[in-house]
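Reviewing the structure listed below.
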Amino acid sequence: MVLKKIRNKTEDTQVSIDMEKQRRYEALVRAWHRDLYRYAYWLTKDQHVAEDLVQETCLRAWRSLDSLQDDNAAKAWLITILRRENARRFERKQLELVDIDDHQVADNTQPSEEASVEQQWLHKQIMRLAPEYREPLVLQVMAGFSGEEIADILDLNKNTVMTRLFRARNQLKEFMDTQNTPQRGAQNGRS
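Sequence positions in the sequence shown follow full-length UniProt numbering and run 1 to 191.
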């Protein structure tokens, strides 16, 4: 009789722990799903691959949820999982290479024509940056990560990340100074 009560208590405790894990997982997915998808799409430039990547990320996150000690670090933890899942994708098979300039990022908002031209121009300039400068900049600007979080995600020293961010911004400034941006061209045409 005592053994049966102990077994029932153990089963009840396990159910409670599983329900708490489920609630925690669902809260994480709800909070960060859109950011994960946006970053996955930026990495892959393909809606279906990005969706698969987010799904695999969520699956791995569920399996290792117990390793997440600080919920405040959840976004960086999930982005790190996503980056690793993307790397695994390349380990499994060789993909056809495409020119990323041929693909536009899906954006449901309707910016003005001038803003759209400026956005396309800026996107092209960012894509001209070397990957070691481009990725930290995108993580900071698009995902809102701090230098320390980016260092954790990219497995780099924080000073290295800050240097790369500084250099990326300087290169973008140089691009703006040496080329006619759409905005400057429009202003020069009016004079």
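The beta carbon of each residue, even a glycine, is placed where N, CA and C say it ideally should be.
Selection Ala87, Gln120, Val161, Arg167 evaluated against Val49 yields Ala87 as nearest (Cα-Cα).
By a beta-carbon distance limit of 8 Å, Leu43 does not contact Ala74. Their separation comes to about 19 Å. Around the Cβ of Gly144, a 10 Å sphere holds fewer than 16 other Cβ atoms; the residue is exposed. Rounded to the nearest angstrom, the gap between the Cα atoms of Met127 and Met19 is 44 Å. With respect to the 7 Å criterion, Ala40 and Leu53 are classified as neighbours on the basis of their beta carbons. The alpha-carbon separation between Arg167 and Gln22 amounts to approximately 43 Å. Trp32 is a Cβ neighbour of Leu78, given a cutoff of 7 Å. Here DSSP, grouped into helix, strand and coil, assigns Asn157 to coil.
By the beta-carbon neighbour count (other beta carbons within 10 angstroms, threshold 16), Thr57 is buried.
Between the alpha carbons of Glu148 and Ser116 lies a gap of roughly 32 Å. By the CB criterion at 7 Å, Arg164 and Pro131 fall outside the cutoff. Distance between Tyr133 and Glu26, taken at the CA atoms: about 34 Å. For Tyr37, same chain residues with a beta-carbon under 8 Å away, outside a window of 5 residues either side, are Ala50, Glu51, Val54 in chain order. Proximity to Arg63 across Arg24, Glu174, Gln171 peaks at Arg24, based on C-alpha coordinates. A direct Cα-Cα distance of roughly 8 Å separates Ala76 from Ile150. Leu65 and Thr80 have their C-alpha atoms roughly 13 Å apart.
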